[in-house]
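Asker: Residue numbers (our numbering), protein chains in the order written: chain A, 212 to 507; chain B, 744 to 1126.
Note that beta-carbon positions come from the ideal geometry of N, C-alpha and C, so glycine has one too.
#1: Assign residue 831 (chain B) to one of three DSSP states: helix, strand, or coil.
#2: Is there a C-beta anywhere in chain B that falls below 7 Å from the one on residue 231 (chain A)?
#3: For the stretch 790-804 of chain B against the stretch 1040-1060 of chain B, are there 3 or more C-beta pairs whose distance is under 8 Å?
#4: Taking only three categories from DSSP, how would you classify residue 329 (chain A)?
#5: Could you run through the stretch 252-276 of chain A and flag, in chain order, every residue whose CB is less than 9 Å away from some CB of chain B?
#6: For residue 1045 (chain B), which residues in the same chain have their Cβ closer than 6 Å to its Cβ, ignoring the five residues on either side in sequence?
#7: Taking Cβ-Cβ distances below 8 Å as the criterion, which residues of the stretch 340-354 of chain A are in contact with chain B?
#8: Tell me the rounded alpha-carbon separation between residue 836 (chain B) and residue 1077 (chain B).
#9: By DSSP, does residue 1127 (chain B) sit in helix, in strand, or in coil?
#10: Which one of A:305, A:255 and A:387 has the shortest CA to CA distance from residue 314 (chain A)?
#11: What is the rounded straight-line gap between the Cα of residue 348 (chain A) and the Cα of residue 840 (chain B)?
#12: Tell me the residue span of the beta strand (DSSP E) that contains residue 967 (chain B).
#13: Which residues mark the beginning and the end of the beta strand (DSSP E) in which residue 867 (chain B) is found?
#14: Measure the Cβ-Cβ separation of residue 962 (chain B) and residue 909 (chain B) and say whether it is below 7 Å.
#15: Starting from the N-terminal side, write out each stretch of the alpha helix (DSSP H) that is 4 residues or longer and does not extend beyond the stretch 243-309 of chain A.
#16: Which chain A residues sit within Cβ distance under 7 Å of residue 941 (chain B)?
#17: Decide yes or no for the touch test of the stretch 770-790 of chain B against the stretch 801-821 of chain B: beta carbon pairs closer than 8 Å, at least 3 of them.
#18: So which residues on chain B does residue 440 (chain A) lean against when the C-beta distance must stay under 7 Å?
#19: Out of B:985, B:882 and B:917, which has the shortest C-alpha to C-alpha gap to residue 858 (chain B)?
#20: Starting from the N-terminal side, write out each stretch of the alpha helix (DSSP H) that is 4 residues or longer and does not extend beyond the stretch 966-1018 of chain B.
#21: Under the rule that 16 or more other beta-carbon atoms within 10 Å means buried, what is residue 486 (chain A), buried or exposed?
#22: In chain B, what lies closer than 8 Å to residue 328 (chain A) by C-beta?
#23: Three or more C-beta pairs closer than 8 Å, one from the stretch 398-406 of chain A and one from the stretch 263-276 of chain A: is that the case here?
#24: Straight-line CA distance for residue 933 (chain B) to residue 287 (chain A)?
#25: Would you kindly work out how many angstroms separate the C-alpha atoms of residue 764 (chain B) and residue 1067 (chain B), rounded to a whole number?
#26: Apart from the five residues on each side of it in sequence, which residues of its chain come closer than 6 Å, Cβ to Cβ, to residue 785 (chain B)?
#27: On the three-state DSSP scale, how would you describe residue 472 (chain A)?
#28: When the Cα of residue 838 (chain B) is compared with those of B:780, B:770 and B:904, which residue comes out closest?
#29: Say whether chain B places a C-beta atom closer than 7 Å to the C-beta of residue 465 (chain A).
#30: Can you check DSSP and say which residues form a bridge with residue 897 (chain B)?
#31: Indicate whether at least one CB of chain B lies closer than 7 Å to the CB of residue 425 (chain A).
#32: Taking CB distances under 7 Å as the criterion, tell me whether residue 478 (chain A) reaches chain B.
#33: Take residue 262 (chain A) as the anchor and find which of A:428, A:445 and A:476 has the nearest alpha-carbon.
#34: Looking at C-alpha atoms only, which residue of A:322, A:294, A:326 and A:230 is the closest neighbour of residue 312 (chain A)?
#35: So, are the CB atoms of residue 220 (chain A) and residue 465 (chain A) less than 7 Å apart?
#36: Could you name the residues of the same chain whose beta carbon sits closer than 7 Å to that of residue 762 (chain B), not counting the 5 residues immediately before and after it, in chain order?
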């Protein structure tokens, strides 16, 4: 394999990988505050892209993306307030089934609003055929946008959770919900906030990836499966783990093309998921002890 | 209260007895199984809209021989399992005269035997040649044969002096059948396939696989065979990689939305397709010109979106079926025989000449090589 080819694979892998990582972080934020996996996470990504594409008819690109992210955050809040908050006895299983229902509902709503066709945002810089040479390989400038925005999101989330008081309250809620309530933290609001946050980062990811992968009403399911694999691989609840696992999975997928037929790409990620569940259920970067304390 | 309800029900019943239409001699039920949503919605969407438009037209003109046509469209979302259950439902419960669709080759192959055994005519809108080869008495298809598309592409390559190619295909029935045809007939044209790759129909980035085939310096052209949005993605990823070998697509590319999706990367893509896409530039003596322009105008006015060859396949299936019903009435066997006997029947895909051996009825000349120029389809005239 030439260096040029290796770099080309690597860049493709980093592109997929950052998208998977962002979806996985969305899973993690909600998992940390509620202990559930929100299977509608992929739909946030879809909504972000689709809403931005619609708004683009009325306003310039940056404002359209900003508004799309804001609207998706409102959708995230509404979902939590309407479907999760009022549950009398929120068993984990019941909440998971609800999120699956929400995901199906969102898809149906989307197909009614936007129809079945694929759409996309324009490239932020250049057009479909612009490319930048990097060490002999050529990549689209949009790939750099995806990587850059993902990195920024991870950084900002880290700062938010570490330094702000709301961020600390959310982490307290994640560590021990009962204790957090006793300390006077309104855990229900924290849950709503976690839905808003993960809807927002999902929507932003949906906007930056749209020129590369297109947006379609049913794109969420596939993303959710990959994001879930990455979240498990990195250890549920760990943001750093999600980034590492996302990049790892993306790069493995990209390089796998050179050894096995392309059609097996998805089989590889599912095989990794199964292997991890059998061998290291707490994930590559999670600790066994912490995993044992989780409800699910 | 109870009395009031029963009185109300009586009234409804009485009214409904009066409004039963007496104008129609008979209602003829026609089923359609189309992928209106899901991965193949690019096919099923225009097909379903075309059928809805045509059935309204036929009924507003007084139906076929005074009989009303009732169209029942089922959305299979390109799932073979759903197609099977809808086919059974349409045949056994709705007792339809004939079925139009499905949109994809994979679905059609799953219900081919069901229709054959139930002796219900099936007019498929899917392209793979295996649908009508071997011939099943009750199964027809309106899109042009994929072997003819492959031949057209190879003939063009011979002219351009291309002898070593890469083949990419989607993992759908259409992609697999097309890849099979390409590999089978390439030697006849002295063309060697040096790379083949099959990608998932939901693929949304193919830059890794493009990098792989680009690394093979022998490849002089790429043929991509699929019906999914990946067609546009292949084009983008190739041009982004700075690779400018000719890109050929199958007749599955005949929807201007793919061109829009690929943007600047679509320029110069070469593909075979029916003449619907370039109806305006046909000569006046072309037997297809009149109906192509009429269909294009009606469809675009009604739905405010450009026509695609896929809607055209449904148009052909419907008009062929109506011609057959006009001859055979509401009788499955007579309609089947009438379709088989149709000759010189101009449709959007070409001029159909059906026979007992040929249940597609289109020749090699049904295809025209096209290319994309300034975001529009134009006839390809060579370099």
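Answerer: According to the data block:
#1: helix
#2: no
#3: yes
#4: coil
#5: Correct list: empty, as no residue qualifies.
#6: 796
#7: 340, 341, 342, 344, 348, 349, 350 and 351
#8: One C-alpha to the other measures close to 21 Å.
#9: Given a span of 744 to 1126 for chain B in the structure shown, any question on residue 1127 (chain B) remains unanswerable.
#10: Ranking A:305, A:255 and A:387 by Cα distance to residue 314 (chain A) puts A:255 first.
#11: 58 Å
#12: 964-968
#13: It spans 865-867 - the beta strand (DSSP E) in which residue 867 (chain B) sits, taken as one unbroken run.
#14: Contact annotation: residue 962 (chain B) and residue 909 (chain B) have beta-carbon atoms nearer than 7 Å.
#15: 252-266 and 272-290
#16: 472, 473 and 474
#17: yes
#18: Within chain B, no residue comes near residue 440 (chain A); the closest Cβ sits about 15 Å away, beyond 7 Å.
#19: B:882
#20: 973-983 and 999-1005
#21: When all chains shown are included, residue 486 (chain A) counts as exposed.
#22: 784, 785, 788 and 1000
#23: no
#24: So the two alpha carbons sit approximately 58 Å from each other.
#25: Note that residue 764 (chain B) has pLDDT 49, beneath the 50 cutoff, so the model's placement of it is unreliable and no number is given.
#26: 998
#27: coil
#28: B:770
#29: yes
#30: Per DSSP, none; premise fails for residue 897 (chain B).
#31: yes
#32: no
#33: A:428
#34: Checked all of A:322, A:294, A:326 and A:230; the closest Cα to residue 312 (chain A) is A:294.
#35: yes
#36: Interpretation of residue 762 (chain B) is limited by its pLDDT of 49, a score under 50 that renders its predicted location unreliable; the figure taken from the coordinates is listed afterwards. Result list for residue 762 (chain B): empty, nothing under 7 Å.
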